[in-house]
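Number of protein chains: 2
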Amino acid sequence: MEWKNRLEEMVKKTKQAFYKISSLPTDKKNEFLQILADKLILYKDEIIKNNRIDVEKAKKQEYSKAFIDRLLLTPERVEKMVNSVKNVKDLPDPVGKKIWETVRPNGLKIERIRVPIGVICIIYESRPDVTIETSILCLKSGNCVILKGGKEAINSNKILVSIIKESLEECGIPSEAVNLVDIGGRRAVRYLLKLDNYIDLIIPRGGESLIREVTEKSRIPVIKHYKGICHTYVDKDADLEKAWKVTFNAKVQRPGTCNATETLLVHKDIAKKFLPEMAEMFKKAGVEMRGCDETRKIIKGIKKATESDWKTEYLDMIISIKIVNSLEEAISHINKYGSGHSDAIITENKDAVKKFFQEVDSAALYHNASTRFTDGGEFGLGAEIGISTDKIHARGPMGLEELTIYKYLVYGNGQTRK
Amino acid sequence: MEWKNRLEEMVKKTKQAFYKISSLPTDKKNEFLQILADKLILYKDEIIKNNRIDVEKAKKQEYSKAFIDRLLLTPERVEKMVNSVKNVKDLPDPVGKKIWETVRPNGLKIERIRVPIGVICIIYESRPDVTIETSILCLKSGNCVILKGGKEAINSNKILVSIIKESLEECGIPSEAVNLVDIGGRRAVRYLLKLDNYIDLIIPRGGESLIREVTEKSRIPVIKHYKGICHTYVDKDADLEKAWKVTFNAKVQRPGTCNATETLLVHKDIAKKFLPEMAEMFKKAGVEMRGCDETRKIIKGIKKATESDWKTEYLDMIISIKIVNSLEEAISHINKYGSGHSDAIITENKDAVKKFFQEVDSAALYHNASTRFTDGGEFGLGAEIGISTDKIHARGPMGLEELTIYKYLVYGNGQTRK
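Respectively, the protein sequence lines represent chains H and Y. In terms of the working numbering, the first sequence opens at residue 1 and continues consecutively. In terms of the working numbering, the second sequence opens at residue 1001 and continues consecutively.
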């Protein structure tokens, strides 16, 4: 029981800090970010030393290369963190922005003002860069943060959070604004999900089973950063050059990301012209193709795509390919199997674009461009805490503004309701 | 098991209808609303006849007068429904509105467009007027609806939903856009909460235990319409005339609503001037007062307010009263015991207003006005599906716009990511 009390006490203190943090002036928040940037440089060696402990342990426990690469901090990666901090410092502060106002016939003046959400709990992978990135985005938007990072990064996270706290204290901001959960595993997550008196929002990143558990068990609102089963649909009226180039980029440029295309849909009227060259490009790049029966008549010798392929986020150099009879079939396939993340149509037909954009129910839709562009930076939002696949509050890349909500301020002169 | 299959099949069909509903032009939706208004008049007698069955049954089962009043439909109340339908017809359609756009250095044109959320499941009390109100708001904003009304209103709801479906069919809109769950009780609710493949949002209205169960068990995002523990704080710099008038209105005008004031906080420096007259007004109106020790020194003979009083939504002619030492104490009390709904400050001091507005973490804050104004109509939003007490997506009254989300539309010319 003791760890539960400790955890609850920590979360309670974070909530108390929120009432101070929420109304901090922009200058004060930027002062903190500048100090943090300086301290990250100052403590670079110590950060790397602590990270080394995590990395060595992970190596001993035979984690995958990709896992260890995400865990690893190098001098260059610390520099990158510093740049992130400076970048967020330069972004406009959304808090206090008036987004609507009206004067009612009874003289009441009503304003809608952007305000922070409150205490945000981020549950994430063993990636120390996320510790810094999410903390600075939450704090700049006036929120407090509970960090529940992967246990394999605990030493890296501890030093990073202690540097954040030291920076907060140096500007006279309560250091309880950021807290790290140092109790490992799912039991801590499960307990956090019950603390709805103190936590206002949970953002789970990472694995499917974790996200499912959080969604099922949480009493607190959740914005999921779920998987990306993204599609590129090559329409019968596609420009072939664009289709080859864009589809290739969407799959191959960085296959391990959530906005990489996993399924290629091709209109039957263009399949014979489009697929042979596309298959050559994929083969040369080492992409494994899995096709429907019709596809396999055109691209010989590839594996058959099963029902489960249409539902799979490979995050790898694999693509499933399906030939469809119509634009309507492509749309239905995406709405049925997609994850509402990012989907593209390649066509020169404006009516097809309009229909695709209206009927596909996803966060980001593309005409003649790669699905890989779904990203806060690429969209010009400055930075992102992640990509929401939910359909309330925020959809797609979540930047500073998406970490806020609003309140109504009503100015009266003794008005009463009749 | 059979009812589960039936329920799932119904919800699945609603989702399929959504892909058609979401892109309906405004004219089509308004045509439907006009036909619905006409049909509600046409079928008035039949609606009332069916409602009578529910009312008689509820009377036999000895439900409270207030309960039966909410259940009852009269010719005047059907007229009121018709007016609601016409009112929503006249409101602007939020769907398709461009809320942001940018052109990136690489030439990508990015638009953020308002779109419907999807299939919305409303879980509500035995109030047939809510059946019409929520259906028309959801449909006008391009959403589909699963209605799970209180079982005591089943006959009223059945006829109302059949009229909605008939109206939809007459304009060639899929009638599966609205469906009524006719399986009673919590087991149906519990099953709905698992259908995250088809339902995009759950809005629970009504009792605390229902809302808690929904919040805890749902896999689907929930926007709570929770209780209103609203405060009126009379500051030391209050204008006494305004303070008496506004406080009285906030408690007495309609005590059964969520935006009625439940707790009165009074600054110690003004308590002796303010409270005696206030207590007289409350006594005359039949309001029961419960006070802290300091209050009971000024208002003799009233009950002592206990810790549980500060947490209670009376929804009745009862008020708890506490004398505070400072504005800060008032703010802390509200943030600790309030439900983040509506809270007022009565003062002539602008700095106090600013601090109160910044630090109280509630959906609607009032200066010198009654908390009773938190309402979609009073705010000029046209109509409301309810009042959100959550801190994501929508806060306070939820109108048509709050029933939408956005998608990003990205127009390219062959762009690929580097």
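Don't be surprised by glycine CBs; every beta carbon is placed ideally from N, CA and C. Computed from a prediction, not measured in an experiment: that's the story for all the values here.
Legend entry - Residue of H:A271, H:K251 and H:P25 minimising C-alpha distance to G172 (chain H): H:P25
Inset, instruction - Examine the Cβ distances between the segment 397-409 of chain H and the segment 145-159 of chain H and report whether three or more of them are shorter than 8 angstroms. - result: no
Legend entry - Closer than 8 angstroms to chain H by CB, V1410 (chain Y): Output row for V1410 (chain Y): interface = yes.
Legend entry - Runs of alpha helix (DSSP H) wholly within the segment 325-391 of chain H (minimum 4 residues, chain order): 327-337 and 350-359
Legend entry - Simplified DSSP state of Q1061 (chain Y), which is helix, strand or coil: coil
Legend entry - Chain-ordered neighbours of I319 (chain H) on chain Y, where CB pairs are closer than 8 angstroms: Within chain Y, no residue comes near I319 (chain H); the closest Cβ sits about 16 angstroms away, beyond 8 angstroms.
Inset, instruction - Output yes if chain Y places a C-beta closer than 8 angstroms to the C-beta of R127 (chain H); else output no. - result: Chain Y contact via Cβ: absent.
Inset, instruction - Please state if the CB of T1416 (chain Y) and the CB of V456 (chain H) are separated by a distance shorter than 8 angstroms. - result: The shown model of chain H, from 1 to 418, leaves out residue 456 (chain H), and the question about it has no answer.
Inset, instruction - Spell out whether any CB of chain H is found under 8 angstroms from the CB atom of T1215 (chain Y). - result: yes
Inset, instruction - With a 10 Å radius around its C-beta and 16 neighbouring C-beta atoms as the bar for buried, classify N51 (chain H) as buried or exposed. - result: buried
Inset, instruction - Check whether the Cβ atoms of K1268 (chain Y) and V1234 (chain Y) sit closer than 8 angstroms, and answer yes or no. - result: no
Inset, instruction - Indicate whether the contact test is met: 3 or more Cβ pairs, each with one atom in the segment 287-296 of chain H and one in the segment 318-337 of chain H, closer than 8 angstroms. - result: yes
Inset, instruction - State the beta-bridge partners of E101 (chain H) as determined by DSSP. - result: H:E111
Inset, instruction - Verify the contact flag: Y1226 (chain Y), CB atom, against every heavy atom of the ligand SAM, threshold strictly below 7 angstroms. - result: Of ligands this structure carries none, so the ligand SAM is not represented either.
Legend entry - Classification of A1238 (chain Y) by the beta-carbon crowding that lies within 10 angstroms, buried from 16 upward: buried
Inset, instruction - Tell whether a beta-carbon distance below 8 angstroms holds between L1315 (chain Y) and P1255 (chain Y). - result: yes
Inset, instruction - Quick one: residues in its chain with C-beta nearer than 6 angstroms to the C-beta of S968 (chain Y), no 5 flanking neighbours on either side, listed in chain order? - result: Coverage of chain Y is limited to positions 1001 through 1418, which leaves residue 968 (chain Y) absent and any answer about it impossible.
Inset, instruction - Specify the secondary structure class of P1075 (chain Y) as computed by DSSP and reduced to three states. - result: helix
Inset, instruction - Going by CA-CA distance only, name the one from H:F356, H:R296 and H:C121 that's closest to Y1019 (chain Y). - result: H:F356
Legend entry - Assigned exposure category for I1053 (chain Y) - 16 Cβ within 10 Å defines buried: exposed
Legend entry - Members of the segment 1262-1277 of chain Y that neighbour chain H once the beta carbon cut-off is set at 9 angstroms: none
Legend entry - Endpoints, the beta strand (DSSP E) within which G1291 (chain Y) is located: E1288 to G1291
Legend entry - Neighbour flag for Q434 (chain H) against chain Y, beta carbons, 8 angstroms: Here chain H has residues from 1 to 418 only, and residue 434 (chain H) is not among them.
Legend entry - Through-space distance from Y1124 (chain Y) to G1386 (chain Y), alpha-carbon basis: 11 angstroms
Inset, instruction - For the segment 1352-1370 of chain Y, enumerate the residues whose C-beta is nearer than 9 angstroms to any C-beta of chain H, in chain order. - result: V1353, K1355, F1357, Q1358, E1359, V1360, D1361, S1362, A1363, A1364, L1365, Y1366, H1367, N1368, A1369 and S1370
Legend entry - Partner residues on chain Y for N335 (chain H), Cβ-Cβ distance less than 7 angstroms: Y1019
Legend entry - In DSSP terms, what G1396 (chain Y) is bridged to: Y:S1388
Legend entry - Straight-line Cα distance separating L108 (chain H) from L409 (chain H): L409 (chain H) and L108 (chain H): Cα-Cα distance of roughly 10 angstroms.
Legend entry - Where S1141 (chain Y) falls, given that 16 or more other Cβ within 10 Å makes a residue buried: It is buried - the Cβ of S1141 (chain Y) has at least 16 other Cβ atoms within 10 Å.
Inset, instruction - Identify which residue in H:S218, H:A279 and H:D343 has its Cα closest to the Cα of K303 (chain H). - result: H:A279
Inset, instruction - For N5 (chain H), count neighbouring Cβ atoms within 10 angstroms of its own Cβ and tell me buried if that reaches 16, exposed if not. - result: exposed
Inset, instruction - Answer with yes or no whether the minimum CB distance from V145 (chain H) to chain Y is below 8 angstroms. - result: no
Legend entry - Cβ of V1246 (chain Y) within 8 angstroms of any chain H Cβ: yes
Legend entry - Sub-8 angstroms separation of H1341 (chain Y) and G1228 (chain Y) beta-carbons: Result yes, Cβ atoms of H1341 (chain Y) and G1228 (chain Y) sit closer than 8 angstroms.
Legend entry - Same chain, Cβ closer than 7 angstroms to L1365 (chain Y), five either side skipped, listed in chain order: Cβ contact annotation for L1365 (chain Y) (same chain, cutoff 7 angstroms, sequence separation greater than five): D1343, F1356 and F1357, in chain order.
Inset, instruction - Count the other CB atoms, across all protein chains shown, that sit within 10 Å of the CB of T14 (chain H); report buried if there are 16 or more and exposed otherwise. - result: buried
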